[in-house]
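Enquirer: Here's a structure for you.
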Amino acid sequence: MSVSICTMGELLVEFLSKNYNQGFTQPGEFLGPYPSGAPAIYAAQVARLGFDSTLFGCVGNDDFGRLNIERLRLEGVITDGISVIDKAPTGTAFVSYHNSVERDFIFNIPNSACGFFTADHIDLALLNQCQHFHIMGSSLFSFRIIDAMRRAIQIVKANQGTVSFDPNIRKEMLNIPEMSQAFDYILEYTDIFLPSEGEVHHFASSKHQKETDIVQELLANGVQHIVIKRGQKGASHYQQHQGQTQELHIPGYNTKMVDPTGAGDCFGATFVSLFLSGFSAEKALRYANASGALAVSHKGPMEGLSSLAQIEHFIQQSA
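Here it is in structure tokens:
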């Protein structure tokens, strides 16, 4: 079954530290620019799988912006929803690795071009073609874009579409008050919720609440499907059926970790697009785990994107 998926948010370029423990307080070597932004990675992975994928956002009238748009077009993403503005440059992120898993970031997002995206930038004709709207928590960095997200949610839901939400929490962005305030609103409209294992407790209603109780509460509040990403341990899917919580766990793959950037975005894009296209939750999880494993084996945010054929080959080789 064909699926049309859209997402909205930050487009930026990333610069990755060449060496571990390089830090940001002294001169060092960085690799880049790499086209990036969680929504951009997500949109590119959806397109790589062969589904209609549309991205809404803003870039500056500069080479970084052109780099992003050209890469997304190359991947097959519909870029007509990306506005090019003169008032601010394209966003940037600098990443310093402590090891292959732990990272620190310096983001220039709210004051860059993507920070100026508003509901007025939304191409309504494009949005009305979308059957599913995906939201990244990292995109909730200003009232302007949160208002745009609300508008998009209302339109997609009015068209009988569905919504997925990946909180994608970055500790460097938790001091943005708009972000936390938007989580509750978005969860009210979320059909598929995709937190990582470490993010689940951010959505607890009380201290020391167990993961199982948080899941039960979210399902009771209307979330249809919860997928918890557990890295190399795999992923878990939860849903309510006839008043009972059904739980499914699919183990992950033991892959050499090169760069975790974009792995969760690729996982989410793969699960959501395949699940909506008719895959069972079990099969979609298995393919999403493989997509995440392929993503971490490459250096750079979009360098580990995978096609359906590549995912299936990886699964066969790992059997």
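Numbering of the sequence shown is given in the UniProt record's numbering, commencing with residue 1 and proceeding in unit increments. Note that the Cβ used here is the ideal one computed from N, Cα and C, for glycine as well.
Label residue 24 either buried or exposed according to how many other C-beta atoms from any shown protein chain fall within 10 Å of its C-beta, with 16 as the threshold for buried.
Expert: Here residue 24 corresponds to residue number 24 of the sequence shown, with the count starting at 1. Answer is exposed; the Cβ neighbour count stays below 16.
Enquirer: Using three-state DSSP, classify residue 97 as helix, strand or coil.
Expert: The residue labelled residue 97 in the question sits at position 97 within the sequence shown. Note: residue 97 maps to strand in three-state DSSP.
Enquirer: Extract the residue ranges of the alpha helix (DSSP H) inside the segment 115 to 153, only unbroken runs of 4 or more that lie entirely within it.
Expert: 124 to 127
Enquirer: Go ahead and label residue 261 buried or exposed: buried means 16 or more other beta carbons lie within 10 angstroms of its beta carbon, across all protein chains shown.
Expert: Along the sequence shown, read from residue 1 onward, the residue named residue 261 stands at position 261. Burial call: buried.
Enquirer: Looking only at its own chain, which residues have a Cβ that is under 7 Å from the Cβ of residue 189, when we skip the five neighbours before and after it?
Expert: On the sequence shown, residue 189 is found 189 positions in, with the first residue counted as 1. These residues qualify, in order along the chain: 153, 157 and 163.
Enquirer: Relative to the C-alpha of residue 82, which residue among 311, 127, 103 and 167 is closest?
Expert: Numbered from its first residue, the sequence shown carries residue 82 at position 82. Considering only alpha carbons, the answer is 127.
Enquirer: Return the Cβ separation of residue 91 and residue 109 in integer angstroms, given the expectation that the two are a contact with Cβ distance under 8 Å.
Expert: To locate residue 91, count along the sequence shown from 1; it is residue 91. To locate residue 109, count along the sequence shown from 1; it is residue 109. At roughly 5 Å, the Cβ-Cβ gap stays under 8 Å, so residue 91 and residue 109 are in contact.
Enquirer: Of the residues 147, 68, 134 and 13, which one's Cα is nearest the Cα of residue 105?
Expert: Position 105 of the sequence shown, counted from the first residue, corresponds to residue 105. The shortest Cα separation from residue 105 among 147, 68, 134 and 13 belongs to 13.
Enquirer: Assign residue 247 to one of three DSSP states: helix, strand, or coil.
Expert: The sequence position of residue 247 within the sequence shown is 247, counting from 1. It is a strand residue.
Enquirer: With DSSP collapsed to three states, give me the class of residue 241.
Expert: As a position in the sequence shown, residue 241 is number 241, starting the count at 1. Looking at residue 241 - three-state DSSP - the assignment turns out to be strand.
Enquirer: Going along the chain, which residues of its own chain have a beta-carbon closer than 6 Å to the beta-carbon of residue 311, five neighbours each way excluded?
Expert: By one-based count along the sequence shown, residue 311 stands at place 311. Apart from the 5 residues on each side of it in sequence, residue 311 sits with its Cβ closer than 6 Å to the Cβ of 287, 290 and 291 in its chain, given in chain order.
Enquirer: So what does DSSP say about residue 202, is it helix, strand or coil?
Expert: As a first step, residue 202 is located in the sequence shown; it is residue number 202 there, counting from the start. Residue 202: helix per DSSP, three-state reduction.
Enquirer: Run through the segment 34 to 101 for me and flag every whole alpha helix (DSSP H) of 4 or more residues, listed as ranges in chain order.
Expert: Here the runs fully enclosed are 38 to 48 and 63 to 75.
Enquirer: By Cβ distance below 6 Å, which residues in the same chain neighbour residue 28 in space, the five residues on each side in sequence not counted?
Expert: On the sequence shown, position 28 is the one that residue 28 refers to. For residue 28, where only same-chain residues beyond five positions count, the Cβ hits under 6 Å are 22.
Enquirer: Under the rule that 16 or more other beta-carbon atoms within 10 Å means buried, what is residue 184, buried or exposed?
Expert: Against the sequence shown, residue 184 aligns to sequence position 184. Exposed.
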